[in-house]
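Visitor: If you scroll down you'll find the structure; I have some questions about it.
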Amino acid sequence: MPDTNRQLLLKSRPTGLVSRDNFDAVASPLPELRDGQALARIRFLSVDPTMRIWMSDREGYLPPVALGEVMRALGIAEVISSKHPEFKTGDLVFGMTGFQEYVLLGAGEKVPFRKLPAIPGVPLTAFLGVLGITGITAYFGITDIARPQPGETLVVSAAAGATGSIAGQIGKILGCRVVGIAGGEEKCAWLTDELHFDAAINYKQSGWKEKLAAACPQGIDINYENVGGDIMNTVLSRMNLHGRVVLCGLISGYNQEDPALASFATVLIKRLRVQGFIVLDYAPRYGEAVAQLGQWLAAGKLKDRHTVVEGLDRAPDALAMLFTGQNIGKLIVRL
Ligand SMILES: NC(=O)c1ccc[n+]([C@@H]2O[C@H](COP(=O)([O-])OP(=O)(O)OC[C@H]3O[C@@H](n4cnc5c(N)ncnc54)[C@H](OP(=O)(O)O)[C@@H]3O)[C@@H](O)[C@H]2O)c1
Numbered sequence: 621m622p623d624t625n626r627q628l629l630l631k632s633r634p635t636g637l638v639s640r641d642n643f644d645a646v647a648s649p650l651p652e653l654r655d656g657q658a659l660a661r662i663r664f665l666s667v668d669p670t671m672r673i674w675m676s677d678r679e680g681y682l683p684p685v686a687l688g689e690v691m692r693a694l695g696i697a698e699v700i701s702s703k704h705p706e707f708k709t710g711d712l713v714f715g716m717t718g719f720q721e722y723v724l725l726g727a728g729e730k731v732p733f734r735k736l737p738a739i740p741g742v743p744l745t746a747f748l749g750v751l752g753i754t755g756i757t758a759y760f761g762i763t764d765i766a767r768p769q770p771g772e773t774l775v776v777s778a779a780a781g782a783t784g785s786i787a788g789q790i791g792k793i794l795g796c797r798v799v800g801i802a803g804g805e806e807k808c809a810w811l812t813d814e815l816h817f818d819a820a821i822n823y824k825q826s827g828w829k830e831k832l833a834a835a836c837p838q839g840i841d842i843n844y845e846n847v848g849g850d851i852m853n854t855v856l857s858r859m860n861l862h863g864r865v866v867l868c869g870l871i872s873g874y875n876q877e878d879p880a881l882a883s884f885a886t887v888l889i890k891r892l893r894v895q896g897f898i899v900l901d902y903a904p905r906y907g908e909a910v911a912q913l914g915q916w917l918a919a920g921k922l923k924d925r926h927t928v929v930e931g932l933d934r935a936p937d938a939l940a941m942l943f944t945g946q947n948i949g950k951l952i953v954r955l
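Read left to right, the sequence shown gives residues 621 to 955 (the numbering used here).
What follows is the structure in structure tokens.
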């Protein structure tokens, strides 16, 4: 049994991009297991843009991480010792593991850890990607909020990321013309060549706004928005009457004091339905999403790509990578 736990504690609130200096690396003693508790070794950490908001003292859907607290993060862990009635050694679990090497289960966590099934042919990391929070978010954003009709044009921003890549693929399955916006030629080639998007626009290249217009000759019916700012403004300006805007994220504003919001004049003029949502709203229906996503994955209709960063010490670097666009698909830290 290990007796120390390496942890990354939040030392300071970032201004701008997250850096290692915002964290303190400490080695804390691991307590004796009490009845009703289990100890799990963390195998994978999920790296999510929302963590940047948790690090600030901005109001969000969860309270900020307090200074001196272990950085909050989702992850997958393997039970290595148990006095918990529901978990045995070797079980794989998903939950709020935090940026650390070990996590105690049954220690008063608000949301209990969930046991992960072993599904032949499905890697564990899929539970942080297509079968995890980002896949589930994309699923409900498209099927429940956008409700696309075949032939409609769907534009997805941050399209080569974890959520965007799944949202666009679901749009294709449901018969949409899908156009992705992403930062770079490699990302755009992946979207069109492997995920079969109808077009992909590199917003880092000059003339991208004209290219977007050309890729959407019938206008835009659905905007699956992950970015905000200039990208969202540009997409909104080409929306059709009674279009739908799935407001999933506004990552371009997370490093600023005032999150970037696009002009809402278009929303009024074009009578758009804009709906913000947080995936937690759908918690009672996660099973439905995972069953459908799993079926599409098994049928080869969905591709789930990961960018993997090695080691707990590099977790802060990984978080910064989300904002410099250095990931394709779901960004994960392997411990
Ligand atoms: N509502 C919910 O419940 C919910 C749940 C999960 C995620 N989200 C949101 O969904 C969005 C995507 O999250 P994710 O976890 O799937 O991350 P991700 O898309 O895998 O990674 C973030 C991507 O955003 C792009 N990006 C970063 N800064 C940008 C900027 N200033 N301008 C344009 N693009 C920028 C980068 O790609 P490029 O190279 O293309 O720039 C980067 O790869 C985020 O806004 C997140 O907050 C919401």
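Beta carbons: idealized from backbone N, C-alpha and C, even for Gly.
Keeping to the same chain, check which residues put their C-beta closer than 6 Å to that of G795; ignore five residues upstream and five downstream.
Guide: Contacts found: P770.
Visitor: Where do the N-terminal and C-terminal ends of the alpha helix (DSSP H) with K950 fall, by residue?
Guide: It is not in any alpha helix (DSSP H) - K950 instead sits in the beta strand (DSSP E) that spans K950 to R954.
Visitor: So who's on the other strand from D644, going by DSSP bridges?
Guide: Beta-bridge pairing links D644 to L629.
Visitor: Are there three or more Cβ pairs, one per stretch, closer than 8 Å when the segment 651-666 is compared with the segment 693-705?
Guide: Judged by Cβ distances under 8 Å, the segment 651-666 makes contact with the segment 693-705, as three or more pairs qualify.
Visitor: Check whether the segment 941-951 touches the segment 716-724, counting contact only when three or more Cβ pairs, one atom from each stretch, lie closer than 8 Å.
Guide: Touching, no.
Visitor: Could you pull out every unbroken alpha helix (DSSP H) segment of at least 4 residues lying fully inside the segment 877-938, listed in chain order?
Guide: As far as the segment 877-938 is concerned, its whole alpha helix (DSSP H) runs of at least 4 residues are 885-889 and 906-918.
Visitor: At which residues does the beta strand (DSSP E) containing Y957 begin and terminate?
Guide: Residue 957 lies beyond the range of the chain shown here (621 to 955); nothing can be said about it.
Visitor: Secondary structure at Q720, three-state DSSP: helix, strand or coil?
Guide: Q720: strand per DSSP, three-state reduction.
Visitor: Where does V855 sit, in a helix, a strand or coil, going by DSSP?
Guide: The answer is helix: DSSP assigns V855 an H, G or I state.
Visitor: Do three or more CB pairs link the segment 930-947 to the segment 635-644 at distances below 8 Å?
Guide: They touch, by the three-pair rule.
Visitor: If you measure from the CB of N822, is any heavy atom of ligand 1 nearer than 6 Å?
Guide: Because no heavy atom of ligand 1 lies under 6 Å away, the Cβ of N822 does not count as near it: no.
Visitor: Expressed to the nearest angstrom, what Euclidean distance is found between the alpha-carbon atoms of G803 and V776?
Guide: So the two alpha carbons sit approximately 12 Å from each other.
Visitor: Taking 6 Å as the cut-off, is the CB of L694 close to at least one heavy atom of ligand 1?
Guide: No, the beta carbon of L694 sits no closer than 6 Å to any heavy atom of ligand 1.
Visitor: Taking the C-alpha atoms as reference points, what is the distance between D850 and A833?
Guide: One C-alpha to the other measures close to 15 Å.
Visitor: Under 7 Å between C-beta atoms, does C868 make it to chain B?
Guide: In the structure shown, chain B cannot be found, because there is only a single protein chain.
Visitor: Is the beta carbon of M671 closer than 7 Å to that of L630?
Guide: No. Outside cutoff.
Visitor: Three or more C-beta pairs under 8 Å: does that hold for the segment 855-870 against the segment 812-828?
Guide: With a cut-off of 8 Å, the segment 812-828 and the segment 855-870 do not count as touching, because too few Cβ pairs lie within range.
Visitor: Tell me the DSSP secondary structure of A697 in three-state form.
Guide: Looking at A697 - three-state DSSP - the assignment turns out to be strand.
Visitor: Are T745 and T783 close, meaning C-beta to C-beta below 7 Å?
Guide: Cβ distance not < 7 Å, so T745 and T783 don't count as in contact.
Visitor: What does a CB cutoff of less than 7 Å around H926 pick up in its chain, not counting 5 residues either side in sequence?
Guide: The residues are T745, G749, G949, K950 and I952.
Visitor: So, at 8 Å on beta carbons, what are the nonlocal neighbours of L917 in its own chain, with the 5 sequence-adjacent residues on each side left out?
Guide: Closer than 8 Å at the Cβ level, and outside the excluded window around L917, lie V742, A746, V750, L751 and D924.
Visitor: In chain order, what residues of the same chain lie with their CB nearer than 6 Å to the CB of R893, ignoring the 5 residues before and after it?
Guide: So the list reads R864, once near-sequence residues are dropped.
Visitor: Out of curiosity, what's the CA-to-CA distance linking Y844 and L628?
Guide: Using only the alpha carbons, I get a separation of about 34 Å.
Visitor: With DSSP collapsed to three states, give me the class of G755.
Guide: In the structure shown, G755 sits in a helix (DSSP, three-state: H, G or I).
Visitor: Using the C-alpha atoms, what's the distance from I898 back to Q789?
Guide: Their Cα atoms are separated by approximately 20 Å.
Visitor: From which residue to which residue does the alpha helix (DSSP H) around L744 run?
Guide: First-last for L744: undefined, no H or E at that position.
Visitor: Looking at the unbroken alpha helix (DSSP H) that takes in R797, where does it start and where does it end?
Guide: From DSSP, R797 is part of no alpha helix (DSSP H) but of the beta strand (DSSP E) over R797 to A802.
Visitor: Which term fits E930, buried or exposed, when burial requires 16 or more other beta carbons within 10 angstroms of its beta carbon?
Guide: Exposed is the call here.
Visitor: In angstroms with no decimal places, state the Cα-to-Cα distance between W810 and L913.
Guide: Cα-Cα distance, rounded: 20 Å.
Visitor: Count the other CB atoms within 10 Å of the CB of V723; is the residue buried (16 or more) or exposed (fewer)?
Guide: Classification of V723: buried, given that the 10 Å Cβ count is 16 or more.
Visitor: Given P649, which residues of its chain have a CB within under 7 Å of its CB, disregarding the five upstream and five downstream residues?
Guide: Same-chain partners within the cutoff: D623 and T624.
Visitor: Could you check which residue in G726, M621, A820 and A819 has the C-alpha nearest to that of F707?
Guide: Comparing Cα-Cα distances from F707 to each of G726, M621, A820 and A819, the minimum goes to G726.
Visitor: Between S639 and ligand 1, is the CB less than 6 Å from at least one heavy atom?
Guide: Flag unset: Cβ of S639 not near ligand 1.
Visitor: Please report the residue range of the beta strand (DSSP E) in which T773 lies.
Guide: T773 to S777 is the span of the beta strand (DSSP E), which, as asked, contains T773.
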